[in-house]
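Here's the structure we're looking at; comments come further down.
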Amino acid sequence: GESVGLHLPTLSVQEGDNSIINCAYSNSASDYFIWYKQESGKGPQFIIDIRSNMDKRQGQRVTVLLNKTVKHLSLQIAATQPGDSAVYFCAETSGYSTLTFGKGTMLLVSP
Amino acid sequence: DTAVSQTPKYLVTQMGNDKSIKCEQNLGHDTMYWYKQDSKKFLKIMFSYNNKELIINETVPNRFSPKSPDKAHLNLHINSLELGDSAVYFCASSQSLSQNIQYFGAGTRLSVL
Chain C
4 GESVGLHLPT LSVQEGDNSI INCAYSNSAS DYFIWYKQES GKGPQFIIDI RSNMDKRQGQ
64 RVTVLLNKTV KHLSLQIAAT QPGDSAVYFC AETSGYSTLT FGKGTMLLVS P
Chain D
238 DTAVSQTPKY LVTQMGNDKS IKCEQNLGHD TMYWYKQDSK KFLKIMFSYN NKELIINETV
298 PNRFSPKSPD KAHLNLHINS LELGDSAVYF CASSQSLSQN IQYFGAGTRL SVL
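Pasting the structure below:
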């Protein structure tokens with residue numbers, strides 16, 4: 004299940020389950036969105052991106068959904084594996100402005 | 238071949254000291270960044286440089302001074318270190334200002350005692 008505690012929101016799933024990580028953004032002018040994965044002790048790593056003229060984009064085992072009406076972004080991971088355990092960040096930007104990162108969600112995958 | 242490399246990986250120092258973190262990218266990118274990540278994993282932009290020119294300085298204290306000797310390098314010098322500077326600092330680069338996919342280094346964990 005998903006919980007919001009004193010620290011990072013955490014999503015705990017079993018290996019093989021599908022995971023959905025959600026992100027709300029605030030800037031209605033944002034037109035480009037990126038999901039990053041940060042494993043322990045490493046820097047954030049690009050996963051997938053989506054422009055505001057799309058509402059869905061698929062990669063390998065990952066799908067990003069964008070709902071501009073409610074300013075919501077989600078990352079779906081199919082058949083989650085222990086190697087998917089990490090902190091996931093959404094980031095938004097518009098034009099030449101820099102990326103603004105969300106607060107992050109920790110995904111814990113149990114074997 | 239590490240695309241964005243930063244050194245050192247760990248830095249432990251006393252309050253009041255001056256320290257530097259180095260960053261190099263071999264991707265041929267024009268734009269480089271420094272981020273600070275706090276204990277709650279929140280990533281906040283500090284600086285961005287494009288072709289050695291400062292583009293963004295996000296209300297960072299003057300004790301932090303970035304230096305870009307060429308577009309492949311962006312170093313971060315910190316004077317008079319304070320306890321609140323303890324964090325993980327990430328360097329990143331992107332192809333240009335308008336190409337927003339940023340590639341991150343592995344981070345430098347700074348501990349100020």
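Which chain is which? The protein sequence lines are C and D, in order. Taken in order, the first sequence gives residues 4 to 114; the numbers are from the working numbering. Taken in order, the second sequence gives residues 238 to 350; the numbers are from the working numbering. C-beta atoms are modelled at their ideal positions from N, C-alpha and C, and glycine is treated no differently.
Cα-Cα separation between residue i and residue j, rounded to whole angstroms
| i | j | result |
| --- | --- | --- |
| tyrosine 28 of chain C | histidine 75 of chain C | 6 Å |
| asparagine 299 of chain D | cysteine 93 of chain C | 29 Å |
| serine 285 of chain D | asparagine 21 of chain C | 37 Å |
| phenylalanine 279 of chain D | alanine 324 of chain D | 10 Å |
| phenylalanine 104 of chain C | glutamate 95 of chain C | 7 Å |
| glutamate 261 of chain D | threonine 13 of chain C | 33 Å |
| leucine 313 of chain D | glycine 19 of chain C | 43 Å |
| glutamine 243 of chain D | glycine 265 of chain D | 16 Å |
Identity of the residue in the options nearest residue i by Cα
| i | options | result |
| --- | --- | --- |
| serine 276 of chain D | C:Leu78, C:Ala89, C:Asn70, C:Leu11 | C:Leu11 |
| glycine 62 of chain C | C:Asp52, C:Leu69, C:Lys71 | C:Asp52 |
| glutamine 48 of chain C | D:Ser348, D:Gly344, D:Met283, D:Ser335 | D:Gly344 |
| aspartate 34 of chain C | D:Arg346, D:Gly342, D:Asn337, D:Ser348 | D:Asn337 |
Local Cβ density within 10 Å of residue i, reported as buried at 16 or more and exposed below that
| i | result |
| --- | --- |
| proline 306 of chain D | exposed |
| threonine 239 of chain D | exposed |
| glutamine 339 of chain D | buried |
| glutamine 41 of chain C | buried |
| glutamine 17 of chain C | exposed |
Cβ pair residue i, residue j closer than 8 Å
| i | j | result |
| --- | --- | --- |
| tyrosine 247 of chain D | alanine 329 of chain D | no |
| threonine 250 of chain D | leucine 311 of chain D | no |
| alanine 82 of chain C | arginine 64 of chain C | yes |
| glycine 23 of chain C | glutamine 79 of chain C | Glycine is not the amino acid found at residue 23 of chain C; the sequence shown has isoleucine there. Cβ distance < 8 Å, so isoleucine 23 of chain C and glutamine 79 of chain C count as in contact. |
| isoleucine 315 of chain D | phenylalanine 301 of chain D | yes |
| methionine 283 of chain D | leucine 350 of chain D | no |
| serine 113 of chain C | serine 15 of chain C | yes |
Residues, ordered as in the chain, of the region 58-85 of chain C that lie near chain D by beta-carbon distance below 7 Å: none
Near-chain D residues of the region 40-58 of chain C - C-beta to any C-beta below 8 Å: Gln41, Gly44, Lys45, Gly46, Pro47, Gln48, Phe49, Asp52
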